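Protein chains in written order, with this note's numbering: chain V, 695 to 932; chain S, 10 to 315.
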């Protein structure tokens with residue numbers, strides 16, 4: 695059986711700067727995979743290359759056996775890959791409800807959308823209270839919830855989450871990770887990028903450590919969490 | 010009283026004209042954050058192409074059938090939509106990721122190209138023409154001894170209908186939702202499955218069709234069509250642009266409000282203050298607005314997000 699997502703020898707350069715230098719990993723259906731690493735290690739770039747926002751200079755990305763190279767971002771979504779971008783990227787000029795609608799942009803099954811919307815609002819009850827509100831007026835945590843809920847409305851087979859903990863208070867981070875865990879349990883495969891290695895390794899099955907554009911370590915999340923070098927570098931344990 | 014009603018009527022018709030043109034500026038700015046300086050040339054094209062279509066259909070003289078005006082209007086709008094689509098596809102799309110200045114210079118280039126190509130003999134030629142009367146000359150009704158001709162009523166009614174239609178499209182349809190999403194962030198919209206290029210193309214086509222409606226109505230009202238590089242066209246476009254900025258560029262309702270305000274100042278300034286200075290009043294309002302409320306009447310000041 696081939697993996698749901700295969701990233702093979704991915705190279706990305708911005709101008710003359712090499713952001714990724716040969717990253718390879720695979721995501722099996724049903725898994726939660728996390729990419730951890732410091733700021734600037736290339737985590738976000740990896741996700742952007744997968745969802746078609748940046749063109750790799752070398753290497754390949756295959757989703758469900760088919761190459762995503764040269765496929766426009768909106769067509770990648772249609773194949774079942776949904777990306778909740780870093781910095782939340784909600785449409786601040788649209789209402790919460792409209793943001794959710796846009797998440798289901800490519801779908802035409804009205805009943806299915808209604809059901810998924812209901813489910814997303816059950817996962818994030820705070821959004822239900824704010825449906826008519828302009829999304830720009832939400833708190834940071836609520837915006838992150840909206841970004842995840844919106845990505846779920848595409849009914850993805852694979853969900854890419856970019857730094858969901860960024861800039862949020864610890865209680866909110868805990869709440870969001872609890873929901874991420876729940877989403878995974880319901881059968882959505884997740885590729886999670888995080889600086890917060892502690893939280894990420896708690897929910898993930900497998901972790902990869904990214905340093906200056908290269909994967910330096912890979913293993914079951916629980917082993918990485920117990921690894922001395924990683925504990926020192928990313929978990930703040932001395 | 011008669012003078013006042015007359016000026017009010019002029020304000021309404023001129024405001025409608027500015028509104029139709031201003032909407033094109035505002036739609037394109039709203040979605041791509043760039044001023045399409047070739048927009049006024051699409052207005053000119055719309056007027057001239059309507060003239061050509063009316064001639065080709067044999068409606069150049071008097072006594073054309075009642076459906077002549079709608080047919081010419083729709084064909085001119087379609088032709089201009091095609092022109093807008095082509096301009097975006099060939100000139101602006103390749104520069105989507107380039108610095109704003111490059112696109113701006115390209116827009117000026119496109120504008121010069123259209124102005125000069127329009128004078129080619131094979132296109133519209135160098136001499137002014139008279140737009141045929143496609144609407145009855147007879148006044149439709151009278152208000153306070155001021156006769157209101159068909160063309161004025163058509164101008165206002167059509168503009169109101171198009172603005173309502175546009176408002177509905179932008180705020181009540183899936184396409185409008187996608188337009189607003191692209192306006193906030195092209196990349197995020199693409200991540201949600203929105204076909205960004207297609208949405209941008211459609212936006213250009215809508216803006217250009219509205220510009221053509223403005224051009225055709227201008228022709229029907231004022232009759233004389235000057236050659237495509239005439240400064241009169243540029244001034245018309247420029248005032249509509251001022252209207253869009255004063256109303257708050259990027260905002261549909263703002264463009265309409267700005268258009269009526271600019272027309273009011275121009276018409277009443279000329280009527281009661283000095284008939285020589287209407288342009289001074291218009292651009293004076295722009296300067297005052299930029300000084301005290303740079304985002305425009307209905308525009309929201311952009312806040313840098315963290």
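Quick reminder that beta carbons are idealized off the backbone N, C-alpha and C, glycines included. Computed from a prediction, not measured in an experiment: that's the story for all the values here.
Going along chain S in order, which residues have a C-beta closer than 8 angstroms to the C-beta of residue i?
{"i": "residue 795 of chain V", "result": "183, 186"}
{"i": "residue 745 of chain V", "result": "200"}
{"i": "residue 828 of chain V", "result": "Result: empty, since nearest Cβ-Cβ is about 11 angstroms, beyond 8 angstroms."}
{"i": "residue 848 of chain V", "result": "201, 202"}
Going by other Cβ atoms of all chains shown within 10 Å of its Cβ, with 16 needed for buried, is residue i buried or exposed?
{"i": "residue 313 of chain S", "result": "Any reading at residue 313 of chain S is ruled out, since the residue's pLDDT is 40, under 50, leaving its predicted position unreliable."}
{"i": "residue 914 of chain V", "result": "exposed"}
{"i": "residue 837 of chain V", "result": "buried"}
{"i": "residue 258 of chain S", "result": "buried"}
{"i": "residue 811 of chain V", "result": "buried"}
{"i": "residue 737 of chain V", "result": "buried"}
{"i": "residue 856 of chain V", "result": "buried"}
{"i": "residue 10 of chain S", "result": "exposed"}
{"i": "residue 240 of chain S", "result": "exposed"}
{"i": "residue 31 of chain S", "result": "buried"}
{"i": "residue 850 of chain V", "result": "buried"}
{"i": "residue 831 of chain V", "result": "exposed"}
{"i": "residue 727 of chain V", "result": "buried"}
{"i": "residue 858 of chain V", "result": "buried"}
{"i": "residue 302 of chain S", "result": "exposed"}
{"i": "residue 847 of chain V", "result": "buried"}
{"i": "residue 891 of chain V", "result": "buried"}
{"i": "residue 204 of chain S", "result": "buried"}
{"i": "residue 757 of chain V", "result": "buried"}
{"i": "residue 355 of chain S", "result": "This structure gives no information on residue 355 of chain S, because the portion of chain S shown stretches from 10 to 315."}
{"i": "residue 148 of chain S", "result": "exposed"}
{"i": "residue 56 of chain S", "result": "buried"}
{"i": "residue 79 of chain S", "result": "exposed"}
{"i": "residue 18 of chain S", "result": "buried"}
{"i": "residue 123 of chain S", "result": "buried"}
{"i": "residue 120 of chain S", "result": "buried"}
Determine the chain V residues that contact residue i at a beta-carbon separation under 7 angstroms, and present them in chain order.
{"i": "residue 141 of chain S", "result": "The premise fails here: residue 141 of chain S is roughly 44 angstroms from chain V at the closest Cβ pair, so nothing lies under 7 angstroms."}
{"i": "residue 196 of chain S", "result": "747"}
At a CB-CB cut-off below 9 angstroms, which residues of chain S make contact with residue i?
{"i": "residue 788 of chain V", "result": "186, 189, 190, 193"}
{"i": "residue 792 of chain V", "result": "186, 189, 190"}
Counting only Cβ pairs nearer than 9 angstroms, list the residues of chain V close to residue i.
{"i": "residue 212 of chain S", "result": "The contacting residues do not exist; residue 212 of chain S stays about 15 angstroms from chain V at best."}
{"i": "residue 205 of chain S", "result": "766, 767, 768"}
When the Cβ atoms of the stretch 14-24 of chain S are set against those of the stretch 254-272 of chain S, are three or more pairs found closer than 8 angstroms? yes
Taking only beta carbons into account, state which residues of the stretch 796-826 of chain V come closer than 9 angstroms to chain S, listed in chain order. Within the stretch 796-826 of chain V, contact with chain S at the beta-carbon level (separation under 9 angstroms) is assigned to 796, 797, 798, 799, 800, 801.
Please list the residues of the stretch 143-173 of chain S that have a C-beta atom closer than 9 angstroms to any C-beta atom in chain V, keeping them in chain order. If you check each beta-carbon in the stretch 143-173 of chain S against every beta-carbon of chain V, none falls closer than 9 angstroms.
Validate contact between the stretch 165-185 of chain S and the stretch 42-54 of chain S using beta carbons, cut 8 angstroms, 3 pairs: no
The stretch 792-806 of chain V contacting the stretch 862-873 of chain V, beta-carbon criterion three pairs below 8 angstroms: no
So if I threshold CB-CB distances at 7 angstroms, which residues from the stretch 751-785 of chain V count as touching chain S? 767, 768, 771, 772, 777, 779, 783, 785
Taking 8 angstroms as the threshold, find out whether the stretch 816-835 of chain V comes into contact with the stretch 762-776 of chain V through three or more Cβ pairs. Fewer than three Cβ pairs drawn from the stretch 816-835 of chain V and the stretch 762-776 of chain V lie within less than 8 angstroms of each other, which leaves the two stretches out of contact.
Of the residues that make up the stretch 10-41 of chain S, which ones have a beta carbon closer than 9 angstroms to any beta carbon in chain V? Residues of the stretch 10-41 of chain S with a Cβ closer than 9 angstroms to any Cβ of chain V: none.
Every unbroken beta strand (DSSP E) inside the stretch 195-247 of chain S [3 residues or more]: none
Report yes or no: do three or more beta-carbon pairs, one from the stretch 127-140 of chain S and one from the stretch 53-60 of chain S, lie closer than 8 angstroms? yes
What beta strand (DSSP E) runs, 3 residues minimum, are completely inside the stretch 711-763 of chain V? 711-721, 726-731, 752-757
Three-pair Cβ contact test at 8 angstroms for the stretch 67-82 of chain S versus the stretch 141-153 of chain S: Flag = yes, the stretch 67-82 of chain S and the stretch 141-153 of chain S touch.
Every unbroken alpha helix (DSSP H) within the stretch 241-291 of chain S, with a cutoff of 4 residues, ordered by chain: 261-277
Are the stretch 46-53 of chain S and the stretch 194-209 of chain S touching by the rule of at least three beta carbon pairs closer than 8 angstroms? no
Are at least three pairs of beta-carbons, each pair with one atom in the stretch 180-187 of chain S and one in the stretch 158-170 of chain S, less than 8 angstroms apart? no
Report yes or no: do three or more beta-carbon pairs, one from the stretch 748-755 of chain V and one from the stretch 914-928 of chain V, lie closer than 8 angstroms? no
Touching or not, the stretch 214-231 of chain S and the stretch 89-99 of chain S, by the rule of three or more beta carbon pairs under 8 angstroms? yes
Three or more beta-carbon pairs under 8 angstroms between the stretch 712-721 of chain V and the stretch 902-917 of chain V, yes or no? Result yes; three or more Cβ-Cβ pairs closer than 8 angstroms.
Mind listing, in chain order, the continuous beta strand (DSSP E) runs of no fewer than 3 residues lying wholly within the stretch 21-45 of chain S? Inside the stretch 21-45 of chain S, DSSP marks no whole beta strand (DSSP E) run of 3 or more residues.
Using 8 angstroms as the Cβ pair cut-off and three pairs as the minimum, do the stretch 740-750 of chain V and the stretch 702-717 of chain V touch? A contact exists between the stretch 740-750 of chain V and the stretch 702-717 of chain V.
My parser needs the alpha helix (DSSP H) runs of 4 or more residues fully inside the stretch 61-115 of chain S; what are they? 77-96
Note down, one range per segment and in chain order, each beta strand (DSSP E) of at least 3 residues found wholly within the stretch 855-922 of chain V. Counting only runs of at least 3 residues, the stretch 855-922 of chain V fully encloses the following beta strand (DSSP E) elements, listed from N- to C-terminal order: 883-888, 900-905, 908-914.
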